[in-house]
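To start, the structure itself, in structure tokens.
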Amino acid sequence: MSRPVRPVAVVAFAQSKNVRREDHRNEVEMLMPVVGEVFAKVGLTKDDMGFVCSGSSDYLVGAPFSFVMALDAVGAWPPLRESHVEMDGAWALYEAWTLLQEGDLDTALVYSFGRSSPSQLHKVLSLQLDPYYVAPLWPDPVALAALQAQALIDAGVASEADFAEVAARSRRDAMANPNAQVTGDRSAEELLGDDYVVAPLRRHTLPPISDGCAAIILAAGNRARDLCDRPAWITGIDHRIETHQLGARDLTVSPSTTKAAEVAGVASGSGGSPRVELAELHAPFASQEIILRRALHLGDAVAVNPSGGALAANALMVAGLTRIGEAAQRIMDGSANSALAHATSGPCLQQNLVCALHANPGGEA
Amino acid sequence: MAERCAVIGVGQTRHASARTDVSIAGLVREAAARALEDAALDWSEIDAVVIGKAPDMFEGVMMPELYLAPALGAVGKPMVRVHTAGSVGGSTAIVAAHLVASGVHDRVLTVAFEKQSDSDAMWALSVPQPFSPPLLAGAGGYFAPIIRAYMRRSGAPDHIGILVAVKDRLHALKNPYAHLHIEDISFDMVKDSIMLWDPIRYLETCPSSDGAAAMVLASERVADSSSLAAPPAWIHGMAMRSEPTMFAGRDQVNPQAGRDCAADVYGQAGISEPRREIQVAEVYVPFSWYEPMWLENLGFAPEGEGWKLTDAGATSLDGGDIPWNASGGVLSSNPIGASGMLRFLEAAMQARGQAGEHQVEGVHRALGHAYGGGSQFFAMWVLGTDKP
Amino acid sequence: MSEPVTTLETPIHIDYQFTAGQAQSRFLKGISEGRFLGQRCPKCNKVYVPPRGSCPTDGVATTDEVELGNSGTVTTYCVVNVPFQGQSIEIPYICAQVLLDGANIAFMGLIQEIPADQVRMGLRVEAVWVDKSELRPNLSSVKYFRPSGEPDAPYESFEEYL
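Keeping their order, the protein sequence lines are chains C, X and F. Each residue of the first sequence is one higher than the one before, starting from 1 at the first, in the numbering used here. Each residue of the second sequence is one higher than the one before, starting from 366 at the first, in the numbering used here. Each residue of the third sequence is one higher than the one before, starting from 754 at the first, in the numbering used here.
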């Protein structure tokens, strides 16, 4: 960046309870209480927002222009300064953050929604792939993740037992998260007894299919201090994308995550591990958490996914924004001073975003 | 304070009903490569890529930025995909410009496209929704009743739409990239064409095109130090506004969001009389009657009188004082996701003196405009030959 | 094998299960009973039909149910003459914005029982429902709107809804 970062913070976060199937409410009805909640937390209304940005996907809804109806949950009148990305809400947050850097706006509302239950998800996600050579083969997203997991095993980096550990820990931690969908206290050994869905992935290594939505309010400088006792300051944020062809990537590593963390200024401590107390990593598959930990050089002292992560709830288009929210929440509620949040998009971690958060706008004093 | 931002490179494809000679990646790369060449930059010098297009259901590719990353030199870079309905080409350019204005990046490549021959656009626009009657017959079916309301409100004579349809296709004959080159276009030809959604005739409707548009946006430092074939076009103002599709009392003919967006852009650019202070405008007119309607919405004419400007020939390259859509506009080329960016791009070309046969003389300021959804999303920018 | 491949067709078939949501469900229940039920926004007092759960300008839930009659006014319309895939109505057909009496927003409806060139803004219409036994919780229970025979509504009475 060619100029100093303007301090921008997360001042409020809310999410819906993630469920397997939200049968009674449509997307607008799901969003309204969540948007209402973030406004209530800071005592503001839509009229106070300088900018509104959302993330969602038409293919999940099964209708073109599906983001339009979601605006009703905010009330776009008088006309709003508003935009939308057809991506996880984490990227909508990034857009809002860059806009707030310019200095003429002080607040932004970011929200995203995603219901996976209406569609045949495995088919829908296959449409993310190269439409000429790959998508017509209809590769299942679980199969693709399995390719990646197998590559990890073959490289000697991790084992099925390691995947089960990740799953066991995530589900156990999720028991303290009222919005999580999959929780439970089963040991890794027990989980290893489950059948394969696509070897080497067993059911517990897969994300749940979730319906959910989330919202965050960002505020800059003194405005953030007015609105929140302990804002979660974004000390750095960046995202990078890798090539699309799976065969052209080393699936056992995540260079885009490493690069995004570097640009986001995620500082390394003397042991190589970033000086963060916790990291919310958007790893829909247990095997992917291992890849991300290594890409971020996270030491054992870093608590990973205290919320339970994407293995506990994975509303597409929302889970990435939720990682930022969960990490920020722990700073806002005083249980941590430093955190890192990550979001991913595309098959096998093709695109990654890293957000560094701290209780001080300048980061580590 | 925002950093200054300029357009230093533009590129577009030859728009056509079916580009069977290129894949989707090939289509976008064609436009992007031309923009880079125009900007005298190599792919590696771009900091970030911002891409936009219409709903994924058009081509059946979900989140195409994932597939297109390598084709657009985005590997290892930030890449974002914007989706704001029909205004997307414009809002994509604005999102990209903000990456520069915020100081985050110095050189951003922005691309918008649609490979409409790969899709069934009419179906994609009218995907039957349960609980609703299957009445909607594409965009025209949505806008025709609104046009009828304008005609009633303004008392405009019936022929106004036809004048726009002829004018824009005559302009297109001077634009080698335009899709429709109807050599013998005439008033009677348009008048006699079939009514599709009364009062919109076939020849008053935009075509369905394959095409892509790309621009390179740069910071002041980069723009000043680049050796460019054409001078930079400086952003003097840019804005976006959205309003709900339907609400009680909504004015769909002269939407508030459009007026607010224009007021914001003009305010930033210090413009109080757009007709006098802007020399050329590229405005999103997909159905002929939207020209008089937008002349009013954008403050070029008082409410109810936009049609008089059209009728008098004021918006024509041929003798008009404020040419609108010198490129032929959306009526001559309409790759839906790209159309908004083409308006922004053509405005840049006018400001940079690159528009060749359809260049307007003496341009200091050019307006680019895009709208989408149920006339609810608006994106506009004003470019200038001088730094703001 | 001499011609290069220029296109390939990749059929996509995906099934979706739609959720009407609470507000729309109540509306559709009304439809299955042959009634139009709108909802009023507690903030701006406008009556929305069909309701979608939130007032689009205020962002709050529309709550109070308002039963609307069968009559309304055509505020504007177009005559559709273009064929397209998935179309189920014979062309040409009249697609109109119908403002039901008591509602503050018009919605899309099909007009029949009148030649296309006689449809006009201000035409008074009434809903024609399917037979009672065929009533279902979706808008196909309303066959179409037809002229009610009343004198046209004056322009001033509906111009704010255009």
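No residue lacks a Cβ here, since even glycine has one placed at the ideal position from N, Cα and C.
Residue i burial status per 10 Å Cβ neighbour count (16 or more: buried)
i, result
"I217/C", "buried"
"P651/X", "buried"
"T680/X", "buried"
"M603/X", "buried"
"H524/X", "exposed"
"M444/X", "buried"
"V758/F", "exposed"
"P541/X", "exposed"
"D533/X", "buried"
"Q101/C", "buried"
"R202/C", "buried"
"F478/X", "buried"
"I844/F", "exposed"
"R606/X", "buried"
"M175/C", "exposed"
"S692/X", "buried"
"G156/C", "exposed"
Contact set between residue i and chain C, taken where Cβ atoms lie within less than 7 Å
i, result
"Q494/X", "A63"
"Q792/F", "Result: empty, since nearest Cβ-Cβ is about 12 Å, beyond 7 Å."
Limits of the unbroken beta strand (DSSP E) element including residue i
i, result
"R115/C", "107-115"
"D238/C", "232-241"
"L748/X", "742-749"
"G737/X", "730-737"
"W562/X", "560-563"
Unbroken alpha helix (DSSP H) run spanning residue i, endpoints
i, result
"W77/C", "Unbroken run through W77/C: none, as it is neither H nor E."
"T381/C", "Since the displayed chain C opens at 1 and closes at 365, residue 381/C lies outside it and no answer follows."
"A509/X", "503-519"
"P900/F", "Looking at the DSSP string, P900/F is not in any alpha helix (DSSP H); the run it does join, the beta strand (DSSP E), is 895-900."
"N752/F", "Shown here, chain F extends from 754 to 915; a query on residue 752/F therefore has no answer."
"Y908/F", "908-911"
"K480/X", "Looking at the DSSP string, K480/X is not in any alpha helix (DSSP H); the run it does join, the beta strand (DSSP E), is 472-480."
"Q715/X", "701-717"
"L121/C", "121-126"
Chain-ordered neighbours of residue i on chain F, where CB pairs are closer than 9 Å
i, result
"Y111/C", "By Cβ distance, chain F contributes nothing, its closest Cβ being about 12 Å from Y111/C, past 9 Å."
"V618/X", "L915"
Contacts that residue i makes with chain C (C-beta to C-beta distance below 8 Å)
i, result
"K442/X", "R240, I241"
"Y432/X", "Q128, L129, D130, P131, H244"
"L761/F", "Y132, P136"
Neighbouring residues, chain X, relative to residue i (Cβ below 7 Å)
i, result
"K799/F", "A613"
"R81/C", "M605, R606"
"Q850/F", "P510"
"V85/C", "V445, R446, V447, H448"
Contacts of residue i in chain F (Cβ-Cβ under 7 Å)
i, result
"V420/X", "It should be noted that the sequence gives Pro, not Val, for residue 420/X. Result: empty, since nearest Cβ-Cβ is about 14 Å, beyond 7 Å."
Beta-carbon neighbours of residue i, restricted to chain X and to distances below 8 Å
i, result
"N834/F", "I559, M560, L561, W562, D563"
"P809/F", "P609, T610, M611, F612"
"I864/F", "The contacting residues do not exist; I864/F stays about 10 Å from chain X at best."
Residue i: contacting residues in chain X (beta-carbon distance under 9 Å)
i, result
"V266/C", "Ordered by position in chain X, no residue passes the 9 Å Cβ test against V266/C, which lies about 16 Å from the chain."
Under 8 Å by beta carbon: chain F residues contacting residue i
i, result
"V369/C", "Residue 369/C cannot be examined here, being either before or after the span of chain C that is shown, 1 to 365."
Proximity test, residue i beta-carbon vs the ligand MG heavy atom, cut-off 8 Å
i, result
"L137/C", "For the structure depicted, the ligand MG is absent and the ligand set is empty, with no information on it obtainable."
Quiz prompt | Cβ contact (3+ pairs, closer than 8 Å) linking the stretch 240-260 of chain C and the stretch 293-309 of chain C | solution = yes
Exercise. Determine contact between the stretch 804-823 of chain F and the stretch 780-792 of chain F, defined as no fewer than three beta-carbon pairs at a distance below 8 Å.
Key: yes
Quiz item: For the stretch 131-210 of chain C, which segments carrying the beta strand (DSSP E) assignment without a break, of at least 3 residues, lie completely within its bounds, in sequence order?
Solution: 196-198
Quiz item: On the three-pair Cβ rule with 8 Å, is the stretch 380-398 of chain X touching the stretch 435-446 of chain X?
Solution: yes
Quiz item: Is the stretch 696-713 of chain X touching the stretch 572-580 of chain X in the sense that three or more CB pairs, one from each, lie closer than 8 Å?
Solution: yes
Quiz item: Counting only runs that start and end within the stretch 387-464 of chain X, where is the alpha helix (DSSP H) found for 4 or more residues in a row?
Solution: 389-403, 430-433
Quiz prompt | Segment contact flag, the stretch 25-34 of chain C with the stretch 327-336 of chain C, C-beta cutoff 8 Å, min 3 pairs | solution = no
Practice problem: Pick out the complete beta strand (DSSP E) segments inside the stretch 4-84 of chain C, 3 residues or longer, and give them in chain order. | Solution: 8-15, 51-55
Practice problem: Counting only runs of 3+ residues fully inside the stretch 253-322 of chain C, write out the beta strand (DSSP E) ranges in chain order. | Solution: 278-280
Quiz item: Any contact of the stretch 544-562 of chain X with the stretch 615-634 of chain X, i.e. 3+ C-beta pairs under 8 Å?
Solution: no
Quiz item: Which runs of the alpha helix (DSSP H) fall wholly inside the stretch 603-647 of chain X and span at least 4 residues, in chain order?
Solution: 621-634, 639-642
Self-check item: Three-pair Cβ contact test at 8 Å for the stretch 223-236 of chain C versus the stretch 331-338 of chain C
Solution: yes
Quiz prompt | Minimum length 4: unbroken alpha helix (DSSP H) runs contained in the stretch 773-823 of chain F | solution = 775-785
Quiz item: Three or more beta-carbon pairs under 8 Å between the stretch 850-868 of chain F and the stretch 894-902 of chain F, yes or no?
Solution: yes
Quiz item: Is the stretch 151-167 of chain C in contact with the stretch 179-199 of chain C, if contact means three or more CB pairs nearer than 8 Å?
Solution: yes
Quiz item: At a cut of 8 Å, does the stretch 45-53 of chain C reach the stretch 354-362 of chain C through at least three beta carbon pairs?
Solution: no
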